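Novice: Take the sequence shown: its letters are residues 2 to 296, numbered as in this note's numbering. Just so it is clear, CB atoms sit at the ideal spot from N, CA and C, and this is done for glycine as well. Model, not experiment: these values are computed from the prediction.
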Amino acid sequence: MASSLPVFADEVSPSGRFFDRKGEGWYWYHDPKEKVQIEPKSTPKAAPKPAPEPKDEPFSVEWLRKNMPILMDRAINDPTKENVEAYLYAQRVAMDKSQRYAEMTQKVVAADPFLDENNRVPLATYAKPFFLRKADEGKEEALKHLSTVAGIWVFFDSKCEFCRPQANTAVEMAKRYGIHTKFISMDGKGLPNIQTFVKNEGHAQTLGLTITPTTVLIVPPNSYYIVSQGMMAQDQLADRILLAAESNNLLPSDLAAKVRAYDRGVLTNNDTKSGATDDPKDWVKTLKDRLKGRY
2 MASSLPVFAD
12 EVSPSGRFFD
22 RKGEGWYWYH
32 DPKEKVQIEP
42 KSTPKAAPKP
52 APEPKDEPFS
62 VEWLRKNMPI
72 LMDRAINDPT
82 KENVEAYLYA
92 QRVAMDKSQR
102 YAEMTQKVVA
112 ADPFLDENNR
122 VPLATYAKPF
132 FLRKADEGKE
142 EALKHLSTVA
152 GIWVFFDSKC
162 EFCRPQANTA
172 VEMAKRYGIH
182 TKFISMDGKG
192 LPNIQTFVKN
202 EGHAQTLGLT
212 ITPTTVLIVP
222 PNSYYIVSQG
232 MMAQDQLADR
242 ILLAAESNNL
252 LPSDLAAKVR
262 AYDRGVLTNN
272 DTKSGATDDP
282 KDWVKTLKDR
292 LKGRY
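(1) With 16 as the cutoff for other CB atoms within 10 Å, does residue 155 come out buried or exposed?
(2) Go to residue 297, then tell me how far its beta strand (DSSP E) extends in each direction, as first and last residue.
(3) Measuring alpha carbon to alpha carbon, tell me which of 269, 242, 274 ends up nearest residue 146.
(4) Have a look at residue 237 and residue 170 and give me their C-alpha separation to the nearest angstrom.
(5) So residue 196 is in the alpha helix (DSSP H); what residue range does that whole segment cover?
(6) Quick check: what's the CA-CA separation for residue 182 versus residue 136?
(7) Distance, Cα to Cα, residue 193 vs residue 132?
(8) Specify, as a first and last residue, the run of the alpha helix (DSSP H) that residue 170 falls within.
(9) Quick one: residues in its chain with C-beta nearer than 6 Å to the C-beta of residue 294, no 5 flanking neighbours on either side, listed in chain order?
(10) Could you tell me whether any non-hydrogen atom of the ligand SAH is closer than 7 Å to the CB of residue 58?
(11) Which whole-angstrom value is the C-beta distance of residue 239 and residue 144, which I expect to be below 8 Å?
(12) Return the residue from the list 212, 189, 226 that minimises the CA-CA distance to residue 202.
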């Protein structure tokens with residue numbers, strides 16, 4: 002006897018038999034009105050357009066930096082009245098800006114002693130000799146102090162043509178500043194102007210010396226600093242000795258300051274690090290505070 006239950010084509014298994022779909026249980030029937038809801042595909046949003054770069058203000062430094070080469074090339078490639086005139090007027094603007102900056106610089110420097118280089122090292126012809134004389138006096142005072150705590154060794158070779166004049170320089174410095182000086186012969190022989198000397202007995206090898214003449218600053222009991230290798234004038238040799246002494250803290254602070262005459266009012270790395278901020282008002286004030294008392 003045929004079943005009275007309705008049969009729908011889309012609910013019948015390919016074989017048409019109910020028993021082929023028994024795994025669905027008694028609730029195998031689906032309402033044909035039910036339809037699968039298909040969500041519409043989302044349309045990808047267009048990427049936002051980047052904001053346009055702000056244009057440089059006409060005739061600003063940025064504008065001139067970018068456009069003057071273009072204007073110049075255009076004027077050279079096509080020297081019409083308009084092209085040449087455009088470049089020359091842009092150049093005029095740049096020169097006038099530079100003049101206004103220079104004029105304001107003079108006003109600011111004149112009103113601020115920390116920015117006036119004349120306060121560090123005199124620029125006027127009549128004042129410069131006084132500054133240099135004071136610097137020389139400081140060097141002489143420092144060298145005389147060194148004679149109480151250090152001495153110099155001069156290494157020479159009897160066959161060295163530069164050793165004789167260098168020996169004379171060392172003798173003159175010893176007389177002038179009272180620095181104890183010892184001459185050491187590399188080949189065991191003396192010089193016409195140097196009869197009192199000692200033979201090298203490993204001194205040069207210990208110091209790693211390779212050429213003559215060589216001058217070494219000796220600080221008892223066992224410190225040494227190579228000052229020069231080769232011939233030097235007296236003022237050069239004095240400066241080298243002072244540089245070695247200062248670098249190794251052999252000078253009192255007051256004498257070291259006199260030797261460093263050109264360092265007057267110079268900012269140190271610590272000054273600039275501690276004053277580094279993003280606000281110009283803040284770091285200008287900080288640097289001014291650091292410079293107080295250094296002039």
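Specialist: Straight from the coordinates:
(1) buried
(2) Since the first and last residues shown for the chain are 2 and 296, residue 297 lies out of range.
(3) 242
(4) Distance between the alpha carbons of residue 237 and residue 170: 11 Å.
(5) Per DSSP, residue 196 belongs to no alpha helix (DSSP H) and is neither H nor E.
(6) 25 Å
(7) 40 Å
(8) 164-178
(9) No residues qualify anywhere along the chain.
(10) The ligand SAH is not among the ligands present in this structure, which contains no ligands whatsoever.
(11) 6 Å
(12) 189
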